[in-house]
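Enquirer: Count along the sequence shown starting at 1, add 9, and that's the number in the working numbering. For each residue, glycine too, the CB sits at the ideal point set by N, CA and C. Since the model is a prediction, treat every value here as computed from it, not as a measurement. Submitted below is the structure of interest, expressed as structure tokens.
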Amino acid sequence: MHFEDLPTTPRSEELVDKAFSRAARAGRAKQGKEAQESMLQTAANILSDNLGNVVTSWPDFEQVDPFYYELADATLADTDVGGVDRLRQHLSEVMWASRQTGSIKEEYHGRIRNSDTDTARKLRKQAFARLADITEQVEEELLAISEARDALKTLPDIRADEPAIVVAGYPNVGKSSFVNGVTNARNETAAYPYTTTRINVGHLERDHIRYQLVDTPGLLDRPADERNPIESQAVSALTHLADAVLVMLDASGECGYPIEDQLDLLADIEATFDAPILVVCNKSDRSTDVEADLYMSVETSEGVDDVLDAAIDAVGYEPELPFEG
């Protein structure tokens, strides 16, 4: 799902102005009742189509990959929208408005056709008032959908048909630096916690296979119901994406968290997720005082290639070959 492809959501005032100005032009091209009919049809069609397009431009969340559903829900939970379920309610209200504008057109079309010119003009004005009222009723819904679109358009493009290596661990243990170093990603790095505030993805190719390295936000060792939305994004990535997981530790303690806490997090990950897990001690030029599968230093590049090779081996990905009869 590419949320960045979602179109800008119009305001209700913009829609009404657009519909009525186009209707005025359409009316000037005809006379009498035909002018009123043309104005009604033009305005109602514009409102119905534009309101409907707001809804249909969004994916059917029942068909969205579980990763994207949970990622979107976590992202929206931290906004005024309040989550995917609330967004779906807003979309449903806008679709209702789209259908109502179509119903108003059908109701008044016959009445105008069977009236005289003066009555037709009065009926068309009544219809316009109702069309504007219906559109204005969903102003808050349109604003919420616009906010949701702005919040979701920066979500990463992750593909279910490509193997994914998830990089997890406490904040500031070197996850972003590792992903940046071995892929084309350019994720923000700095020496303070929570620098990575959303999931980022880098790519590398090995033996004609493209691998996704997923840099997750820092996970804290605490119950799931106490995690904030950023941490929930990382859990969602681990649960739905991981073909292999690199859990990075910092035995030097420079990350700001004791190694005992990091090991508790490791145990939690090992108990929760089924994907192959490799324990990597980063900053090995400063300390190797922890049991790990692999040791490396992103800063000096020592051991980085070995970690990457081990992760790819753990994935064990074999592309599907075309059937040969």
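Let me check understanding here. Comparing Cα to Cα, which of Gly111, Ala246, Thr126 and Leu274 lies closest to Gly178?
Expert: It is Leu274.
Enquirer: Consult DSSP for Gln50 and reduce its assignment to one of helix, strand or coil.
Expert: If DSSP states are grouped into helix, strand and coil, Gln50 belongs with the helices.
Enquirer: Using a Cβ-Cβ distance cut-off of 8 Å, determine whether Asn209 contacts chain B.
Expert: Judged by its chain identifiers, the structure shown contains no chain B, having just a single protein chain.
Enquirer: Between which residues of its own chain and Cys264 is the CB-CB distance below 7 Å, once the five residues before and five after are set aside?
Expert: Contacts found: Tyr179, Pro180, Asn181 and Val182.
Enquirer: Apart from the five residues on each side of it in sequence, which residues of its chain come closer than 7 Å, Cβ to Cβ, to Glu327?
Expert: Correct list: empty, nothing qualifies.
Enquirer: Pull up the distance between the alpha-carbon of Asn237 and that of Pro285, whole angstroms please.
Expert: Each residue's Cα considered, the two are about 26 Å apart.
Enquirer: If contacts are defined as beta-carbon pairs under 8 Å, then Ile321 and Leu255 qualify, I think. What distance do you get, rounded to the angstrom?
Expert: Contact flag wrong, Cβ pair sits at about 11 Å.
Enquirer: Assign Ala251 to one of three DSSP states: helix, strand, or coil.
Expert: Ala251 falls in the coil class under three-state DSSP.
Enquirer: Give me, in chain order, the residues of the same chain whose beta-carbon lies closer than 7 Å to that of Ile336; leave out the 5 immediate sequence neighbours on both sides.
Expert: It is not possible to answer for residue 336, since the shown part of the chain is limited to 10 through 334.
Enquirer: Between the C-alpha atoms of Asn54 and Ser245, what's the straight-line distance to the nearest angstrom?
Expert: Their Cα atoms are separated by approximately 41 Å.
Enquirer: Only counting runs of 3 or more residues, tell me where the beta strand (DSSP E) segments fall wholly within the stretch 270–300, in order along the chain.
Expert: Here the runs fully enclosed are 286–291.
Enquirer: Check whether the Cβ atoms of Val313 and Val191 lie closer than 8 Å to each other.
Expert: Yes, the pair counts as a contact, with Cβ atoms nearer than the cut-off.
Enquirer: Whole angstroms is fine: what's the gap from Leu352's alpha carbon to Thr88's?
Expert: Because the chain is modelled from 10 through 334, residue 352 falls outside the range shown and cannot be assessed.
Enquirer: Tell me the DSSP secondary structure of Arg168 in three-state form.
Expert: Coil, per DSSP.
Enquirer: In this structure, how does DSSP classify Val324 when only helix, strand and coil are distinguished?
Expert: Val324 falls in the helix class under three-state DSSP.
Enquirer: Does DSSP classify Asn209 as helix, strand or coil?
Expert: Strand at Asn209.
Enquirer: Is it a yes or a no for the stretch 57–73 touching the stretch 102–119, going by three-plus beta-carbon pairs under 8 Å?
Expert: Yes, since at least three Cβ pairs between the stretch 57–73 and the stretch 102–119 fall closer than 8 Å, the two stretches touch.
Enquirer: Just tell me which of Ala251, Thr225, Ala253 and Thr248 has its CA closest to the CA of Glu240.
Expert: Out of Ala251, Thr225, Ala253 and Thr248, Thr225 has the C-alpha closest to the C-alpha of Glu240.
Enquirer: Determine, using beta-carbon pairs with one atom in the stretch 158–177 and one in the stretch 134–148, whether at least three such pairs fall under 8 Å.
Expert: Touching, no, given that fewer than three Cβ pairs across the two stretches are closer than 8 Å.
Enquirer: For Pro165, count the other beta carbons within 10 Å of its own beta carbon; 16 or more makes it buried, fewer makes it exposed. Which is it?
Expert: When all chains shown are included, Pro165 counts as buried.
Enquirer: Considering just the uninterrupted stretch of the alpha helix (DSSP H) at Arg120, what are its terminal residues?
Expert: From DSSP, the alpha helix (DSSP H) with Arg120 extends over Val93 to Arg122.
Enquirer: What does the alpha-carbon distance come out to for the pair Gly91 and Asp234?
Expert: Rounded to whole angstroms, Gly91 to Asp234 spans 16 Å at the Cα level.
Enquirer: In chain order, which alpha helix (DSSP H) runs of at least 4 residues are fully inside the stretch 132–189?
Expert: If we require 4 residues or more, the alpha helix (DSSP H) runs fully inside the stretch 132–189 come out as 148–161.
Enquirer: State yes or no: is the C-beta of Ala260 within less than 8 Å of the C-beta of Asp302?
Expert: No.
Enquirer: Can you tell me which residues form a DSSP beta bridge with Arg219?
Expert: Note: Arg219 sits in a beta bridge opposite Glu214.
Enquirer: Would DSSP call Val191 helix, strand or coil?
Expert: Of the three classes helix, strand and coil, the one that applies to Val191 here is helix, per DSSP.
Enquirer: Cutting at 7 Å between CB atoms, please list the residues of its own chain near Ser296, excluding the five before and the five after it.
Expert: So the qualifying residues of the chain are Ala260 and Ser261.
Enquirer: To the nearest whole angstrom, what separates the beta carbons of Lys5 and Met257, a pair I think is in contact under 8 Å?
Expert: In the structure as shown, the chain begins at 10 and stops at 334. Residue 5 is therefore absent and cannot be evaluated.
Enquirer: List the endpoints of the continuous alpha helix (DSSP H) containing Thr84.
Expert: Where Thr84 is concerned, the enclosing alpha helix (DSSP H) stretches over Pro75 to Ala86.
Enquirer: Mind reading off the beta-carbon distance from Ser52 to Phe137? Whole number of angstroms is fine, and I expect it under 8 Å.
Expert: It should be pointed out that residue 52 corresponds to Ala in this sequence rather than to Ser. Right, their Cβ atoms sit about 6 Å apart.
Enquirer: Could you tell me the boundaries of the alpha helix (DSSP H) in which Gly36 lies?
Expert: Here the alpha helix (DSSP H) through Gly36 covers Ser21 to Arg37.
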